[in-house]
Amino acid sequence: MLKIVLLGSPGSGKGTQSAKLVEEYGVPQISTGDLLRSAVAAQSELGLKAKAAMDAGGLVADEIVVGMIRERLNEPDAEEGFILDGFPRTRAQAEELDELLTELDRPLQCVVHLQVEKEEIVHRLLARGRSDDSEETIRNRFAVFQEQTEPLAAYYEKRGLLKTVKGTGTVDEIFGRIKAAVDSV
Ligand code: B4P
Numbered sequence: 003m004l005k006i007v008l009l010g011s012p013g014s015g016k017g018t019q020s021a022k023l024v025e026e027y028g029v030p031q032i033s034t035g036d037l038l039r040s041a042v043a044a045q046s047e048l049g050l051k052a053k054a055a056m057d058a059g060g061l062v063a064d065e066i067v068v069g070m071i072r073e074r075l076n077e078p079d080a081e082e083g084f085i086l087d088g089f090p091r092t093r094a095q096a097e098e099l100d101e102l103l104t105e106l107d108r109p110l111q112c113v114v115h116l117q118v119e120k121e122e123i124v125h126r127l128l129a130r131g132r133s134d135d136s137e138e139t140i141r142n143r144f145a146v147f148q149e150q151t152e153p154l155a156a157y158y159e160k161r162g163l164l165k166t167v168k169g170t171g172t173v174d175e176i177f178g179r180i181k182a183a184v185d186s187v
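Residue numbers (the working numbering): 3 to 187.
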């Protein structure tokens, strides 16, 4: 059973590595980015609220994202474990997650922090070219990450849950580092 958070800046490889972890450990990937993009594509009320923040490279409101995660973690396939990809991204989200996992009696095994330098991020995301991957938006997303999300590394370090992994190199090399980190817990 794997119960982890993947923490990392935009473009750090969270989505890429989650797909490999799903294959290896057979637990679902829960990506708030993917859930939000589906809501935007479906033009649901939630999607309409999220779109402006996403297009500007900002964060979607905590209560929207936390509500989505609560629903998703209550689905049967998440009972055996989960990979949280891109959640939590703020201190408030991290605290809500702690409460939720205590309620569900499914405590986190560890938090993997994928570290990649800013210039590599800009390069990767410009190459990907998703609708929110313009240079200005990428730089804003990175600034938001440094301000709101990176401090979560210290939050999890204090609880002895943090595993820091270098996020550069080939996809398989990075996957090997992540696997060694989670298998050591
Ligand atoms: P996300 O979908 O999480 O987008 P992201 O941060 O860019 O990460 P992603 O998973 O796509 O990138 P990856 O590292 O896999 O979020 C999108 C938006 O949704 C946010 O900006 C925000 O507005 C909103 N949102 C999401 N979660 C939220 C939350 N909790 N609270 C509030 N708002 C939230 O990969 C990027 C690229 O790098 C890929 O093209 C890949 O091919 C490439 N790559 C991967 N590994 C590589 C390697 N080793 N070498 C070279 N390239 C590599």
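For each residue, glycine too, the CB sits at the ideal point set by N, CA and C.
Note that the structure is predicted; figures quoted are calculated from it, not measured.
Item                                                                                                   : Value
Through-space distance from residue 15 to residue 172, alpha-carbon basis                              : 11 Å
Identity of the residue in 57, 78, 48 nearest residue 68 by Cα                                         : 48
Cβ neighbour criterion (16 or more within 10 Å) applied to residue 20                                  : buried
Residue burial classification, residue 125 (beta-carbon count within 10 angstroms, cutoff 16)          : exposed
Distance cut-off 7 Å: residue 130 Cβ against heavy atoms of ligand 1                                   : yes
Sequence-distant residues of its chain with Cβ nearer than 6 Å to residue 83 (five each side left out) : 3, 4, 5, 29
Span of the alpha helix (DSSP H) around residue 35                                                     : 34-43
Residue from 115, 35, 80 with nearest C-alpha to residue 194                                           : Because the chain is modelled from 3 through 187, residue 194 falls outside the range shown and cannot be assessed.
Helix, strand or coil at residue 89 according to DSSP, with G and I counted as helix                   : coil
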